[in-house]
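Position 73, counted from 1, in the sequence shown is what our numbering calls 438; the numbers after and before it change by one each time, with no gaps.
Where is the CB? At the ideal position from N, CA and C, for every residue including glycine.
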Amino acid sequence: MDWTEQYRPLHLPDIVGNGAAIRRIVDWAREWTRSSKPLILYGKPGTGKTSAAHALARDMQWETIELNASDQRTKGAIERIAGTSSMTASLSGAQRKLIILDEADNLHGTSDRGGAKAIGDLIRGSLHPIILIANDLFAIPKDLKKRCEPIQFKALPARSIVPRLRHICRSEGLGCNEEALSSIAESASGDMRAAVNMLYAAAIGSPSLDTRGIATSGKDGRATIFDLVARLFRAPSDADLLRLSYEVADTPDTIIQWIGENTRYISSPAERNDAYRSISRADEFIGYTLRRQYYTLWRYATALMLVGTARAAQGSQLTGRIAPPGRWRAMAGMKRQKAIRTTVLNKFSRRLRMPQQTLRDDFLTPIALMINARAPAFAREFDLDADELNFFLHDRERSVKITREAAELPDLPETQKSSPPPPEPETTPPKKTADSQSTLFDGF
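This is the structure:
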C-alpha cells in the first residue's frame with residue numbers, strides 16, 4: 366500500500382507543522398455561518414492542505430464532497446456534483462457537508478470551461494462550508510479569490526519531518542539511523558509527501574536504512590523554468606528573483622527565449638517596450654559570452670533580463686498559460702514535416718520502384734496533382750495516414766476525413782491491388798527489305 370495514504374493524518378492534531386494555519390481552520394469551522402467566506406488553503410505540495418481539509422471534516426463529523434482536477438470540472442459537472450449537494454441536507458444525519466475543491470489553481474482549458482463561474486455561483490448559494498485547495502494562489506481567478514479567505518501552508522522544516530519518518534520506520538519495523546532520516550528530510554525541501562515517498566523507495570528490499578540507501582531516492586528540489594517565468598509577473602524582489610534563477614537548470618541563453626515569448630502578457634505597450642529593451646540588452650551580453658567564451662558575463666545577462674522584465678511587468682498577472690519559445694515550436698514543426706516527407710518518399714519509392722531522388726526531383730508535383738484528383742484511391746493504395754495525405758493535399762480536415770473513410774472500408778485482396786505494369790520488352794526495328802535497285806554495297 367502507498368505509504369503516503371497509509372500514514373496520512375486522520376485528525377487535525379496529527380498534521381505536522383503549520384500550527385497557526387490549523388488553528389485558523391478550526392476557528393473558521395466552529396464559527397461558520399452561511400455568510401462566512403470559503404477558505405483557500407494554498408502552499409507548496411506536500412504541506413498538508415488536503416489532509417487538513419479531510420481531517421477537519423472528520424473531527425467536525427461532517428460529510429465530504431470532493432472535486433479535483435481528475436474530474437471534469439465543467440460548469441455542468443460542478444453544478445451536478447457539488448451544486449446539488451450544497452443545497453441539500455445530509456442523509457446520514459451529519460450537521461453539515463464540507464465541499465472540497467482541490468487543485469483550484471488548475472481551472473483552465475476546455476475541460477474546465479465555465480468552471481470558475483460555476484464555483485462562484487456555488488459559493489453564493491451553498492448551504493454548507495467550502496474549502497478550495499491550490500498550490501499557487503496567484504493562479505486562481507481574481508473574481509473567485511476575492512470571495513474567499515486565503516490561508517497559507519508553509520513548507521515544512523526538516524526538523525518537523527524527521528519525527529513522522531521515524532514513526533513510519535517503527536511502524537514498518539524498519540531499522541534506520543538519524544542521519545539517514547535527516548538526509549531525507551533535508552532533500553524533501555519541505556514536502557512531507559516527497560519525504561515519505563523517498564523513505565519508501567529507500568526501504569524497498571532492505572530491513573534497515575542508512576545514508577547509502579537514500580543516495581538514489583532523493584527529490585530534485587530545484588525550481589523549473591515555469592516557476593521562474595511565473596515569478597516575473599508577481600512583483601518579486603530583485604534578490605528573490607535572482608536567487609530563484611540559480612535553482613533553474615536552464616542556462617541564460619535558454620531562459621531569455623522563454624522570457625521573450627511570454628512578455629506579451631504585459632498589457633501596457635510602453636511597459637512591454639521597456640521589457641523588450643532589457644531583453645535586447647541581455648541578448649548582447651549573451652552574444653559576448655558565446656563569442657569570447659567569457660561566461661562571467663552571463664550573470665549580467667541574467668540580471669538584465671529578469672530584473673528589467675519584472676520591473677516593466679509591475680505585477681501584471683498572467684492571462685494564459687506560460688508558453689515555450691515560438692521558435693522551438695516552429696523548429697519542431699519543421700522537423701516533423703521533414704519526417705513525414707521522408708516517410709512518403711520511402712513509400713512511393715518502394716512501390717513505384719523508383720529512386721527517391723528521382724521521385725523527389727521529377728515526379729513529386731505530378732503525383733500531388735493525381736492524388737488531389739483521386740485522394741481516396743491513393744490513400745488506400747499506398748496506405749497513407751492523415752499526415753502523409755495532408756503532405757500532398759495541404760488540407761488537414763479533408764485529409765483526416767478521407768483517411769477515416771478509407772480505414773472503414775474492407776481491405777482489398779492482394780490480387781486486386783494494383784502494381785506497376787512490367788516494363789514492355791524492347792523491340793528491334795524490322796529489317797528493311799532490299800530495294801530492287803542495286804547499289805555499290807550489294808554483295809558485301
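- Here R716 has F747 as same chain residues with Cβ atoms under 7 Å from its own Cβ, once five neighbours each way along the sequence are excluded.
- Between E636 and Q702 a beta carbon distance of about 37 Å is seen, past the 8 Å cut, so the two are scored as non-contacting.
- Beta bridge pairing from DSSP links S401 with no other residue.
- Counting every other CB atom within 10 Å of its CB across the protein chains shown gives G673 a total of 16 or more, marking it as buried.
- The region 408-415 makes contact with the region 509-525; the number of CB pairs closer than 8 Å reaches 3 or more.
- Closest option to E544, judged by alpha-carbon separation, among S573, A740 and L662: S573.
- The alpha helix (DSSP H) runs lying completely inside the region 623-695 and spanning 4 residues or more are 634-657 and 663-678, given in chain order.
- Using a C-beta cut-off of 8 Å, the region 493-510 makes no contact with the region 523-537, since fewer than three inter-stretch Cβ pairs fall below that distance.
- Looking only at I732, D760 and E626, the smallest Cα-Cα distance to A695 is reached by E626.
- When rounded, the separation of the alpha-carbon atoms in L509 and Y630 is 21 Å.
- Inter-residue distance for L597 and E649 is about 21 Å (C-alpha atoms, whole angstroms).
- Under the three-state reduction of DSSP output, Y407 falls in the strand class.
- A direct Cα-to-Cα measurement between L497 and D618 gives close to 38 Å.
- Nearest C-alpha to A675 among E612, K700, P601 and Y653: P601.
- When DSSP states are grouped into helix, strand and coil, G698 belongs to the helix group.
- Note: G540 is bridge-paired with S573 in the DSSP secondary-structure output.
- Its Cα nearest to that of P689, the residue Q622 stands out among H532, R763, Q622 and S491.
- Nearest to T616 by alpha-carbon distance, out of W663, L758 and W427, is W663.
- Ranked by Cα distance from T398, the options N471, H493 and D467 are led by H493.
- Per the C-alpha coordinates, the member of R461, L463 and Q722 positioned closest to T707 is Q722.
- Counting only the Cα atoms, T667 lies some 56 Å from R739.
- DSSP places T412 outside both helix and strand once states are collapsed to three, so it counts as coil.
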